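Participant: Once you've had a glance at the structure underneath, I'll fire off some questions.
2 protein chains.
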Amino acid sequence: MEIAILLFDGFTALDAIGPYEVLTRVPRAEVSFVAAEARVHRDMCGAGIVADRVIDDVVAPDVVVVPGGPGEVAVRTNDHVLSWLRAVHETTTWTASVCTGSLVLAAAGLLDGVPATSHWLAREELARLGADPVSARVVVDGRIITAAGVSAGIDMALLLASMLEGDLVAQGIQLSLEYDPRPPFNAGSPDVAPPVVVELARAKSRFARARA
Amino acid sequence: MEIAILLFDGFTALDAIGPYEVLTRVPRAEVSFVAAEARVHRDMCGAGIVADRVIDDVVAPDVVVVPGGPGEVAVRTNDHVLSWLRAVHETTTWTASVCTGSLVLAAAGLLDGVPATSHWLAREELARLGADPVSARVVVDGRIITAAGVSAGIDMALLLASMLEGDLVAQGIQLSLEYDPRPPFNAGSPDVAPPVVVELARAKSRFARARA
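So the protein sequences, as listed, match chains A and B. Residue numbers for the first sequence follow my numbering, so the first one is 2 and each next one is one higher. Residue numbers for the second sequence follow my numbering, so the first one is 2 and each next one is one higher.
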């Protein structure tokens, strides 16, 4: 089972590494980081992660995962990457995104009228690109699975693992990652975070700046 | 504020990237991956992450984070790294570990008699190395903060962010990562996972193999 996680400059590291850590533990899975060029890609804060394979060499992955991050804006107009996504989606078992990675799937034309999610600050943009935005942690529609912001990729990948190899496998992975989350605060969604925190996040958002 | 995350070959990627994603969002924080050599380090499943700085050049970080992973065994006998950890711990605000990274702190002599945690499968080994193992998600003792397995580094880093810059900052980071976890199963600790899943994990553990 071949699993390809797309990298690009300016991605969000945890968007990619959360699913990576889960999916590498799926039996028979071969997970690799892929990109238009096989080289180190820098995340939005400067961390370097290696794309070991070029997308042109990855022609029929079973699963594709597209992370988000501010660099997604450039990917949305990168015909090389968008064409590859359209081509491999023809035969994937699952085509997945984390956070604003769904904006890339939408730009590739894969989410027209499709129920999908994204980072909570990006759902208006997701609608603008033709998808049917859903306020949910993970959305499954046909062979497309989209996750909300950043950390939601871990939940998405566990669901993927269960759909690929069954619940016991997914539970074993969850236990190996000791994924028994205990956030010290209850501020992980705009519905529960303190209003001042939500307003500050909205004001700082690159999507708010784009509208201004 | 200088934050150094240690890399070594055979680390667990999410142990490092979970805290990275949180701590890079702390105002004024400069987060870098550091190692004995400035080069790509491969995690336990092959992902390459770049250590941009050598530990010899990082003499007084405010925060040090040590991830775990099977490669930690070699680090436990690496005098260069252990000496560096002992030296920088003299002046850190916080010395932190994720998962079996606490075994490295223990090997450096920083956990003698200190309440600390680790991956649930590694707590006996942690005791053998002189620490006082605690079954908890995150343990704070003086300037030392240790997290349980893999994903616990996210919770640990949010707590660190709040102790460094206050609760509102930590809550803003949690919201930006949309860290409102919704695991599809309740199997993240041996207390709640199905017994067959727990037994399989114990049987496969490298610590079980070491005892056999």
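Ideal Cβ positions, reconstructed from N, Cα and C, are used throughout, including at glycine. Here the structure is a predicted model, which means the values were calculated and not measured.
Would Ser177/B be called buried (16 or more neighbouring beta carbons within 10 Å of its own) or exposed?
Facilitator: Result: buried.
Participant: Just to check my reading of the structure: Arg144/B and Thr94/B have Cβ atoms closer than 8 Å, yes? What is that Cβ distance to the nearest angstrom?
Facilitator: 7 Å between Cβ atoms; contact.
Participant: Looking at the strands, I want to know which residues DSSP matches up with Trp121/B.
Facilitator: Per DSSP, none; premise fails for Trp121/B.
Participant: Tell whether a beta-carbon distance below 8 Å holds between Pro134/B and Ala117/B.
Facilitator: Their beta carbons are under 8 Å apart, which means Pro134/B touches Ala117/B by this criterion.
Participant: Within the 8 Å Cβ cut-off, does Val99/A reach chain B?
Facilitator: With 8 Å as the cut-off, Val99/A does not count as an interface residue toward chain B.
Participant: Taking C-alpha atoms, which residue in Ala36/B, Ala109/B, Leu86/B, Arg26/B lies nearest to Gly167/B?
Facilitator: Measuring from the Cα of Gly167/B, the nearest candidate turns out to be Arg26/B.
Participant: At a CB-CB cut-off below 7 Å, which residues of chain A make contact with Ala194/B?
Facilitator: Chain A residues near Ala194/B: Gln172, Leu176.
Participant: Return the residues of the region 68-102 of chain B that lie within a Cβ-Cβ distance of less than 9 Å from chain A, sorted by chain order.
Facilitator: Residues Cys100.
Participant: Residues of chain A with CB under 8 Å from Val64/B, in chain order?
Facilitator: Within chain A, no residue comes near Val64/B; the closest Cβ sits about 15 Å away, beyond 8 Å.
Participant: Using a threshold of 8 Å, state whether the C-beta atoms of Ala48/B and Gln175/A are closer than that.
Facilitator: The answer is no: Cβ separation not under 8 Å.
Participant: Kindly provide the ranges of any alpha helix (DSSP H) runs that are 4 or more residues long and lie completely inside the region 101-165 of chain B, ordered along the chain.
Facilitator: List check, alpha helix (DSSP H) in window: 102-108, 124-129.
Participant: Phe9/A and Val60/A look like a contact to me (Cβ under 8 Å); what is the Cβ gap, rounded to whole Å?
Facilitator: With 8 Å as the limit, Phe9/A and Val60/A do not qualify as a contact, their Cβ atoms being about 19 Å apart.
Participant: Quick one: list the residues of chain A neighbouring Val151/B, beta-carbon separation under 9 Å, in chain order.
Facilitator: Ordered by position in chain A, the residues that pass the 9 Å Cβ test against Val151/B are Glu22, Ser177, Leu178, Glu179, Tyr180.
Participant: At a cut of 8 Å, does the region 13-23 of chain B reach the region 199-207 of chain A through at least three beta carbon pairs?
Facilitator: They do not touch, by the three-pair rule.
Participant: With a threshold of 8 Å, are at least 3 pairs of Cβ atoms found where one atom belongs to the region 30-40 of chain A and the other to the region 179-197 of chain A?
Facilitator: They do not touch, by the three-pair rule.
Participant: Counting only C-beta atoms, is Asp10/A closer than 8 Å to chain B at any point?
Facilitator: Asp10/A does not count as touching chain B.
Participant: From the DSSP output, in three-state form, read off Phe9/A for me.
Facilitator: Three-state DSSP puts Phe9/A in coil, outside helix and strand.
Participant: Skipping 5 residues on each side, what residues in its chain have a beta carbon closer than 7 Å to that of Ser1/B?
Facilitator: This structure leaves residue 1/B out entirely; chain B is present only between 2 and 213.
Participant: Report the CB separation of Leu160/A from Pro28/B in whole angstroms; it is logged as a contact under 8 Å.
Facilitator: In fact, because the Cβ distance is near 34 Å, the residues do not count as touching under 8 Å.
Participant: Can you check DSSP and say which residues form a bridge with Phe186/B?
Facilitator: DSSP, once it has assigned bridges, lists no residue as partnering Phe186/B.
Participant: How long is the line joining the alpha carbons of Gly69/A and Leu127/A, rounded to whole angstroms?
Facilitator: When rounded, the distance between both Cα atoms is 12 Å.
Participant: Who pairs with His42/A in a beta bridge, going by DSSP?
Facilitator: DSSP output for His42/A lists Ile50/A as bridge partner(s).
Participant: Look at Thr101/B and Ala123/B and say whether their C-beta atoms are less than 8 Å apart.
Facilitator: Yes. Within cutoff.
Participant: Let me make sure I understand the geometry here. Which of Asp57/B, Arg183/B, Arg43/B has the alpha-carbon closest to that of Val82/B?
Facilitator: Per the Cα distances, Asp57/B.
Participant: For the candidate residues Ala108/A, Pro62/A, Pro182/A, Glu3/A, whose alpha-carbon lies nearest to that of Thr92/A?
Facilitator: When only C-alpha atoms are compared, the closest one is Pro62/A.
Participant: Quick check: is the beta carbon of Ile146/B nearer than 8 Å to any beta carbon in chain A?
Facilitator: By this cut-off, Ile146/B is not an interface position.
Participant: How should Arg138/A be labelled, buried or exposed, when 16 other C-beta atoms within 10 angstroms of its C-beta is the threshold for buried?
Facilitator: It is buried - the Cβ of Arg138/A has at least 16 other Cβ atoms within 10 Å.
Participant: Quick one: grab the DSSP three-state call for Ala97/A.
Facilitator: If DSSP states are grouped into helix, strand and coil, Ala97/A belongs with the strands.
Participant: Note down, in chain order, each residue of its chain lying with its Cβ closer than 6 Å to the Cβ of Ala153/B, except the 5 sequence neighbours on either side.
Facilitator: Correct list, in chain order: Arg138.
Participant: Is Ala162/A near the ligand MN, in the sense that its beta carbon is under 7 Å from a heavy atom of that ligand?
Facilitator: Ligands in the displayed structure: none, and consequently the ligand MN is not present.
Participant: Relative to chain B, which residues along the region 125-143 of chain A have a C-beta separation below 8 Å, given in chain order?
Facilitator: Within the region 125-143 of chain A, the qualifying residues are Arg138, Val139.
Participant: I think Ala107/A touches Gly131/A, with their Cβ atoms under 8 Å apart; what is that distance to the nearest whole Å?
Facilitator: The pair is a contact, with the Cβ atoms about 6 Å apart (cut-off 8 Å).
Participant: Assuming Ser39/B and Leu7/B form a contact by the criterion Cβ under 8 Å, report the distance between their Cβ atoms to the nearest whole angstrom.
Facilitator: Reading the sequence as shown, one finds Ala at residue 39/B and not Ser. Not really, about 13 Å apart at Cβ, beyond 8 Å.
Participant: Using only CA atoms, which one of Ser103/B, Val140/B, Leu111/B lies nearest to Glu125/B?
Facilitator: Closest option to Glu125/B, Cα to Cα, is Ser103/B.
Participant: Applying the criterion that 16 or more other CB atoms from any shown protein chain within 10 Å of the CB defines a buried residue, is Gly173/B buried or exposed?
Facilitator: Buried, since its Cβ has 16 or more Cβ neighbours within 10 Å.
Participant: Just the Cα atoms here: how many angstroms apart are Met164/B and Thr96/B?
Facilitator: Distance between the alpha carbons of Met164/B and Thr96/B: 13 Å.
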